[in-house]
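In my numbering, the protein residues as written are 7 to 196.
Here it is, written out as structure tokens:
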């Protein structure tokens, strides 16, 4: 005859251990004192009794509302899903995005940056920089102008200047911060 602990029987039956103890107190199952077990145990065959005696009212009700009846996906839907999974798999990682962002920031600070300058400033291997530069040129983020180096796409050779609205906004926020620090009144023109 095989015996199991009350907590193991509760786990196998899918109920709480207190429920097993209550069934034992009511006399539905019997406790046994067996050498080798520290606490009272029950027969392994009583696990089925525990599952049968457990009322379903203890289980939370489940309601399923499906607005659209399920149908098998069409071949086009399967192909679209596969394309989305492959695109996600081939999407650049966060590390690659950070590296590309660092290259773009370096070029934005110093337009006309050459590959040798990037090797010195960014301190990566040359193949990695070549790969990221090719990706950025292909994406149209930066452009190479002959031997003069790399520039942000669509800017003049001097490039990198912020739009006037952003500059004014920066000055306004600095003025507001300074006025608050000095506890002065500030009138900002519209």
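Yeah, the Cβ is synthetic: ideal placement off N, Cα and C, and Gly gets one too.
Buried/exposed call for residue i, threshold 16 Cβ in 10 Å
i: residue 156; result: buried
i: residue 91; result: exposed
i: residue 181; result: exposed
i: residue 84; result: exposed
i: residue 40; result: exposed
i: residue 115; result: exposed
i: residue 52; result: buried
i: residue 7; result: exposed
i: residue 19; result: buried
i: residue 117; result: buried
i: residue 13; result: exposed
i: residue 63; result: Reliability of the predicted coordinates at residue 63 is poor, the pLDDT of 48 falling under 50, and the value obtained from them is presented with this limitation in mind. Residue 63 comes out exposed.
i: residue 162; result: For residue 162, the pLDDT reaches just 47, beneath the cut-off of 50, and the residue's location in the model is therefore unreliable, although a value from the coordinates is still provided. Residue 162 should be labelled exposed.
i: residue 89; result: exposed
i: residue 164; result: Because residue 164 carries a pLDDT of 42, less than 50, the predicted location of this residue cannot be relied on, and the following value inherits that uncertainty. With fewer than 16 Cβ atoms within 10 Å of its Cβ, residue 164 is classed as exposed.
Nearest neighbour of residue i, chosen from the options [CA to CA]
i: residue 153; options: 35, 120, 30, 90; result: 120
i: residue 128; options: 142, 104, 34, 109; result: 109
i: residue 48; options: 15, 24, 19; result: 15
i: residue 54; options: 40, 86, 26, 151; result: 26
i: residue 142; options: 117, 103, 177, 87; result: 103
i: residue 33; options: 89, 17, 56; result: 56
Residue j beta carbon less than 8 angstroms from that of residue i
i: residue 50; j: residue 10; result: yes
i: residue 125; j: residue 112; result: no
i: residue 105; j: residue 138; result: yes
heavy atom of the ligand FMN below 7 angstroms from residue i C-beta
i: residue 180; result: For the structure depicted, the ligand FMN is absent and the ligand set is empty, with no information on it obtainable.
Is the stretch 169-188 touching the stretch 127-136 in the sense that three or more CB pairs, one from each, lie closer than 8 angstroms? no
To test your reading of the DSSP string, which unbroken alpha helix (DSSP H) runs of 4 or more residues are found completely within the stretch 26-63? 52-59
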